[in-house]
Amino acid sequence: YYGADGEALGLIGVSRNITERRRVSDELKVSETLLRQFIQHAPAAIAMLDTKMRYIQTSDRWIQDYHLAEGDIIGKSHYEIFPDVPQRWKDIHQRVLAGAVERNDEDSFIREDGNTEWLQWEARPWLKAGGEIGGLIFFTKVITEERKRADALADALSLEKELREAAQAGNHAKNQFLAVMSHEIRTPMTGILGFAELLVAAPNLPEDCQSYAKTIATSGESLLRILNDILDFSRLEAGGLQIEKTRFSSREIVRDIHTLLQPGTNDKHLEFHIAIDDATPEFLWNDAGRIRQVLLNLTGNAIKFTTEGSITIGLRPAKEALESGAVGVDFFVKDTGMGIPENEIDHIFKPFVQADSSISRQYGGTGLGLAISKHLAEFMGGKLTGRSEVGIGSEFIFTLPLSIPEGALSALPEAGTLMDKTFAGFHPLRILLVEDDNVNRSLILLMLRKLGYEALVAKDGIEAVEVHSREHPDFIFMDLHMPRMDGFEATLAIRKNEAADPTHPHAYIAALTANIVTEDRRRCFEVGMDSYMNKPIKRTLLAETLIKASNGQTVSP
Ligand code: ADP
Numbered sequence: 001y002y003g004a005d006g007e008a009l010g011l012i013g014v015s016r017n018i019t020e021r022r023r024v025s026d027e028l029k030v031s032e033t034l035l036r037q038f039i040q041h042a043p044a045a046i047a048m049l050d051t052k053m054r055y056i057q058t059s060d061r062w063i064q065d066y067h068l069a070e071g072d073i074i075g076k077s078h079y080e081i082f083p084d085v086p087q088r089w090k091d092i093h094q095r096v097l098a099g100a101v102e103r104n105d106e107d108s109f110i111r112e113d114g115n116t117e118w119l120q121w122e123a124r125p126w127l128k129a130g131g132e133i134g135g136l137i138f139f140t141k142v143i144t145e146e147r148k149r150a151d152a153l154a155d156a157l158s159l160e161k162e163l164r165e166a167a168q169a170g171n172h173a174k175n176q177f178l179a180v181m182s183h184e185i186r187t188p189m190t191g192i193l194g195f196a197e198l199l200v201a202a203p204n205l206p207e208d209c210q211s212y213a214k215t216i217a218t219s220g221e222s223l224l225r226i227l228n229d230i231l232d233f234s235r236l237e238a239g240g241l242q243i244e245k246t247r248f249s250s251r252e253i254v255r256d257i258h259t260l261l262q263p264g265t266n267d268k269h270l271e272f273h274i275a276i277d278d279a280t281p282e283f284l285w286n287d288a289g290r291i292r293q294v295l296l297n298l299t300g301n302a303i304k305f306t307t308e309g310s311i312t313i314g315l316r317p318a319k320e321a322l323e324s325g326a327v328g329v330d331f332f333v334k335d336t337g338m339g340i341p342e343n344e345i346d347h348i349f350k351p352f353v354q355a356d357s358s359i360s361r362q363y364g365g366t367g368l369g370l371a372i373s374k375h376l377a378e379f380m381g382g383k384l385t386g387r388s389e390v391g392i393g394s395e396f397i398f399t400l401p402l403s404i405p406e407g408a409l410s411a412l413p414e415a416g417t418l419m420d421k422t423f424a425g426f427h428p429l430r431i432l433l434v435e436d437d438n439v440n441r442s443l444i445l446l447m448l449r450k451l452g453y454e455a456l457v458a459k460d461g462i463e464a465v466e467v468h469s470r471e472h473p474d475f476i477f478m479d480l481h482m483p484r485m486d487g488f489e490a491t492l493a494i495r496k497n498e499a500a501d502p503t504h505p506h507a508y509i510a511a512l513t514a515n516i517v518t519e520d521r522r523r524c525f526e527v528g529m530d531s532y533m534n535k536p537i538k539r540t541l542l543a544e545t546l547i548k549a550s551n552g553q554t555v556s557p
């Protein structure tokens with residue numbers, strides 16, 4: 001320090017501890033490097049720009065995403081690097097530099113190579129220490145690949161939808177085709193089977209002619225069975241199967257099958273037994289027709305594949321409950337036939353499969369029987385299983401749930417009356433037959449005549465309505481498909497006339513249908529029919545329907 005005259009007097013030492021400042025500045029340096037590193041290596045495209053839109057720093061990802069050369073951009077203007085930036089984006093930049101935060105989740109731009117690039121972005125201002133805006137920060141994400149994947153997925157989904165619709169249309173077309181085919185094939189079959197049946201029963205027919213007629217009848221029957229199998233299978237495939245539940249005696253079904261198939265076992269000199277365990281409940285509530293179909297198929301197979309020994313069909317309480325928890329009843333068919341190898345037993349339930357290729361050559365068959373039976377068993381709430389030993393025999397077990405709702409109707413009464421000319425006396429009915437096909441018309445007239453009826457005739461719907469209003473028949477057999485006016489329209493007109501005149505009695509109308517489509521059957525009931533009969537018409541079915549009509553019973557759709 002100095003005196004007043006400027007002379008140096010001594011020394012003053014001042015020291016300041018700047019450790020803290022050094023530490024803070026070092027730390028700041030560290031955190032700045034850290035921040036730089038953080039931005040540079042961030043797995044996202046980030047860019048920091050000043051208020052003049054000049055680059056201060058970017059992440060590596062930014063350089064990659066926008067195909068830039070490293071080191072080329074710091075200090076350069078964004079608009080210099082991207083000369084084609086659209087005005088829309090320049091406006092956004094200005095808004096952000098004025099303090100706004102902007103974002104877009106689905107934006108796009110066109111690259112120099114002409115390809116469109118999709119991106120998500122966010123732009124926000126960054127602030128200096130004093131609080132003023134120092135520039136803007138971009139965060140962007142190129143989503144072109146995601147977009148492409150999403151577009152591909154959407155395309156695939158719409159293609160799948162198209163294919164599904166085409167498949168549905170195809171399925172519909174298939175069902176239509178089957179309906180038409182079944183109609184076309186069943187109609188002439190009615191003539192063949194019906195007349196063969198009458199011929200077999202005709203008196204004074206030379207013996208050889210009788211055997212020819214029998215051959216026509218049995219060949220026709222098996223043709224019809226194959227046709228039915230194929231139709232059944234397509235219907236199961238299309239999910240169009242309907243079951244009609246009634247109360248029925250399980251024992252009676254077993255006895256029926258026995259009676260029906262006995263001639264076949266006799267021909268092959270096989271013993272044919274019935275084994276009914278007394279502990280089995282007698283009545284079931286299910287589709288008796290379908291159960292018969294399954295048992296006929298199983299028993300038919302047993303006879304087909306057995307050359308010596310015996311066949312046994314029977315009933316017993318099921319050992320185990322069904323999967324649904326229901327108590328079950330077992331129908332079983334046991335044979336002492338050729339058996340099925342262990343590795344084949346599961347496959348034979350698949351469609352068109354036969355245990356070995358020589359089977360079809362030797363025994364015929366389509367390989368559909370068991371597939372249909374298994375489907376049917378499951379559809380009725382039950383199951384079908386098989387066990388077998390080669391050279392010893394096979395047993396097929398068809399289990400059904402035992403469930404009879406309270407107050408279920410009792411089974412329909414048996415036909416019971418003799419099928420001859422006395423029949424009409426017990427069941428007096430004035431019958432009108434409406435059928436355009438000559439062969440079918442004469443066949444049904446003949447069958448009716450054998451039961452003692454002289455029926456009125458109409459050749460189409462228009463004639464049917466006329467005859468009905470003139471003659472007031474009690475019973476009408478109504479063909480569905482006819483020229484000029486079909487059976488549905490005719491029924492509607494008849495019901496309308498009946499409603500208009502209370503003295504007009506209600507005629508029982510039974511549809512004659514070769515068309516087994518469920519929809520048609522439903523329509524029959526919708527237009528006011530009481531019952532339906534599938535062609536080919538059998539004498540017993542004809543008689544049963546007439547009995548129902550004279551008792552005033554209808555069949556549920
Ligand atoms: P199909 O009898 O028309 O060939 P199924 O589906 O009814 O068709 O039977 C499939 C196959 O299962 C038969 O071809 C046969 O090989 C075998 N099979 C069925 N039942 C028996 C049986 N009781 N004994 C021996 N093999 C049988």
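So for the sequence shown, my numbering puts the first residue at 1; every next one is plus one.
Using N, Cα and C, we set each Cβ at its ideal position, and we do this for glycine too.
Between K421 and the rest of its own chain, which residues show a CB-CB distance below 6 Å, the 5 nearest in sequence each way excluded?
Counting only Cβ-Cβ distances below 6 Å, and skipping sequence neighbours, we find G452.
Which residues does DSSP list as the beta-bridge partners of Y532?
Note: Y532 sits in a beta bridge opposite A511.
Rounded to a whole number of angstroms, what is the C-alpha to C-alpha distance between L433 and F477?
One C-alpha to the other measures close to 5 Å.
I'd like to know if the stretch 484-498 and the stretch 444-464 are in contact, where contact means that at least 3 CB-CB pairs between them fall below 8 Å.
Enough Cβ pairs lie closer than 8 Å, so yes.
Can you tell me which of G3, F426, E308 and R521 puts its alpha carbon nearest to the alpha carbon of I392?
Ranking the options by Cα distance to I392, first place goes to E308.
Just to confirm the assignment, what range does the beta strand (DSSP E) spanning S310 have?
From DSSP, the beta strand (DSSP E) with S310 extends over S310 to P317.
Cβ atoms of N104 and W121: under 7 Å apart, would you say?
Yes, these two residues count as a Cβ contact at 7 Å.
Within 6 Å: the Cβ of D346 and any heavy atom of the ligand HEM?
This structure does not include the ligand HEM; its bound ligands are the ligand ADP.
Just verifying my parser: in three-state terms, what is the DSSP assignment at D420?
The answer is coil: DSSP assigns D420 none of H, G, I, E or B.
Is Q293 near the ligand ADP - that is, is its Cβ less than 6 Å away from at least one heavy atom of it?
Incorrect: Q293 has no Cβ contact closer than 6 Å to the ligand ADP.
Starting from S250, follow the alpha helix (DSSP H) in both directions and report where the run begins and ends.
Its alpha helix (DSSP H) spans residues S250 to D267.
Between which two residues does the beta strand (DSSP E) carrying R124 extend?
Segment T116 to L127, the beta strand (DSSP E) holding R124.
Are the CB atoms of S394 and D436 nearer to each other than 7 Å?
Cβ distance not < 7 Å, so S394 and D436 don't count as in contact.
So which of V294, P281, V254 and F283 has the shortest CA-CA distance to F592?
Residue 592 cannot be examined here, being either before or after the span of the chain that is shown, 1 to 557.
In angstroms with no decimal places, state the Cα-to-Cα distance between L205 and G170.
For L205 and G170, the distance between alpha carbons rounds to 50 Å.
Which residue's Cα is closest to the Cα of S108: V465, G6, R147 and E160?
With distances taken between Cα atoms, S108 lies closest to R147.
Are the beta-carbon atoms of L136 and L49 separated by less than 7 Å?
Yes, Cβ-Cβ distance for L136 and L49 is below 7 Å.
Under 8 Å: do the stretch 56-68 and the stretch 89-97 share three or more Cβ pairs, one atom per stretch?
Taking 8 Å as the limit for Cβ pairs, the verdict is that the stretch 89-97 does not touch the stretch 56-68.
Secondary structure at G289, three-state DSSP: helix, strand or coil?
Helix.
With a 10 Å radius around its C-beta and 16 neighbouring C-beta atoms as the bar for buried, classify A166 as buried or exposed.
With fewer than 16 other Cβ atoms within 10 Å, it is exposed.
Residues in its own chain within less than 6 Å of N301 by CB, not counting five upstream and five downstream?
So no residue of the chain qualifies.
Taking DSSP's pairing of strands, which residues face K141 in a bridge?
According to DSSP, which records beta bridges pairwise, K141 is partnered with Q120.
What first and last residue would you give for the alpha helix (DSSP H) that runs through N438?
Run containing N438: N438 to K450, per the alpha helix (DSSP H) assignment.
Exposed or buried, T540, counting other C-beta atoms within 10 Å across all chains shown (16 or more means buried)?
Classification for T540: exposed.
Please say whether T399 and D330 have beta carbons closer to each other than 7 Å?
Cβ atoms of D330 and T399: closer than 7 Å.
At which residues does the alpha helix (DSSP H) containing T491 begin and terminate?
Start and end: G487 to A500.
Could you tell me if the beta carbon of I311 falls within a distance shorter than 6 Å of some heavy atom in the ligand ADP?
No.
Hey, would you say D277 sits closer than 7 Å to E244, going by beta carbons?
Contact flag unset, no.
Whose C-beta lies closer than 6 Å to the C-beta of K374 among residues of the same chain, with five residues either side of it excluded?
Once the five neighbours on either side are set aside, the close Cβ partners of K374 are F349 and L384.
On the CB-based measure, 16 or more other CB atoms within 10 Å of its CB, does N17 come out buried or exposed?
Exposed, because fewer than 16 other Cβ atoms sit within 10 Å of the Cβ of N17.
Compute the Euclidean distance between the alpha carbons of T299 and F177, then round it to the nearest angstrom.
Between T299 and F177, the C-alpha separation is close to 32 Å.
Starting from A549, follow the alpha helix (DSSP H) in both directions and report where the run begins and ends.
Where A549 is concerned, the enclosing alpha helix (DSSP H) stretches over R539 to N551.
Please determine whether the Cβ atom of S394 lies at a distance below 6 Å from any heavy atom of the ligand ADP.
At least one heavy atom of the ligand ADP is nearer than 6 Å to the Cβ of S394, so yes.
Starting from the C-beta of G337, find all residues in its chain whose C-beta is less than 8 Å away, skip the five residues before and the five after it, and write them out in chain order.
So the qualifying residues of the chain are A302, F305, T306, T307, G309, G393 and S394.
Leaving out five residues before and five after H472 in sequence, what residues of the same chain have Cβ atoms less than 7 Å from its Cβ?
So the qualifying residues of the chain are H504 and P505.
Under a Cβ-count criterion, where at least 16 other Cβ atoms within 10 Å of its own Cβ denotes burial, should F1 be classed as buried or exposed?
Contrary to the premise, residue 1 reads as Tyr rather than Phe in this sequence. By the neighbour-count rule (16 or more Cβ atoms within 10 Å), Y1 is not buried but exposed.
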